[in-house]
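Asker: The opening residue of the first sequence carries number 95 in this note's numbering; numbering runs sequentially from there.
Each residue gets a CB set at the ideal place from its N, CA and C atoms; glycine is no exception.
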Amino acid sequence: MHYWLMKSEPGDYSVDDLESDGVTHWDGVRNYQARNLMRDEMHVGDHVLFYHSNAKPPSVVGIAEVAREAYPDHTQFDPKDPHFDPKSDPDEPRWIMVDIRFVEKLPRPVGLPELKTYPELSGMVLLNRPRLSVQPVTEAEFEFIVARASDPAPE
DNA sequence: GCCAACGTTGGC
DNA sequence: GCCAACGTTGGC
95 MHYWLMKSEP GDYSVDDLES DGVTHWDGVR NYQARNLMRD EMHVGDHVLF
145 YHSNAKPPSV VGIAEVAREA YPDHTQFDPK DPHFDPKSDP DEPRWIMVDI
195 RFVEKLPRPV GLPELKTYPE LSGMVLLNRP RLSVQPVTEA EFEFIVARAS
245 DPAPE
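Right under this line is the structure:
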């Protein structure tokens, strides 16, 4: 069992969108490191923290789970799609995606400024490695954040 | 809207 | 294979 954090801009695709869709394919990842993590490490049933980037404040807002393991991301072959990749060979697709299933919204969003205040999270990839849209979290980090979401919001 | 971090591209 | 130019992410 692995744990993950996946970023999405809420204007693009929010946790509410995921809730109404139930399951969605996580297309558009065009970063090799993120791709390799999804392709090699992500398994059905893995738990995912759903994170709103470019929000005020950026926040962990929900929980999802991996519903399907890596398969080709069809948007790479669509010239009209913003994620079109003319160099990707259909016989050997360069980019893959996974399916994510909605589990729950957190009782309250846990914002980035708050996350930074917890020594327990000082090693989080989120706080140390900018610009990685799919990233691993430890089980302890996952459980800690979910527990904080049941606490009252700090001042 | 700005810009720092950093990944990718392509000329050489 | 180096590295400058360029593009993107994402916090602020």
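Do you know offhand how far Leu-220's Cα is from Glu-103's?
Answerer: If I take the Cα positions, the gap works out to 15 Å.
Asker: With a 10 Å radius around its C-beta and 16 neighbouring C-beta atoms as the bar for buried, classify His-137 as buried or exposed.
Answerer: Burial call: exposed.
Asker: By DSSP's criteria, Trp-254 is part of a beta bridge. Which residues make up the other side?
Answerer: The structure shown does not extend to residue 254, since the chain is modelled only from 95 through 249, so no value can be given for it.
Asker: Using the beta-carbon count (16 or more within 10 Å), is Pro-180 buried or exposed?
Answerer: Classification for Pro-180: exposed.
Asker: Between Leu-143 and Val-228, which are expected to be in contact by the criterion C-beta below 8 Å, what is the C-beta distance as a whole number of angstroms?
Answerer: Contact flag wrong, Cβ pair sits at about 11 Å.
Asker: Counting Cβ pairs, one atom from each stretch, are 3 or more of them under 8 Å apart for the region 190–198 and the region 160–171?
Answerer: Enough Cβ pairs lie closer than 8 Å, so yes.
Asker: Tell me whether Ser-153 is buried or exposed, calling it buried when 16 or more other Cβ atoms sit within 10 Å of its Cβ.
Answerer: Ser-153 should be labelled buried.
Asker: Kindly indicate which three-state DSSP category His-119 falls into: helix, strand or coil?
Answerer: Reduced to three states, the DSSP call for His-119 is strand.
Asker: Per DSSP, what kind of secondary structure is Ser-108 in: helix, strand or coil?
Answerer: Ser-108 falls in the coil class under three-state DSSP.
Asker: Pick out whichever of Leu-200, Val-240, Lys-199 has its Cα sitting closest to the Cα of Leu-215.
Answerer: Ranking the options by Cα distance to Leu-215, first place goes to Val-240.
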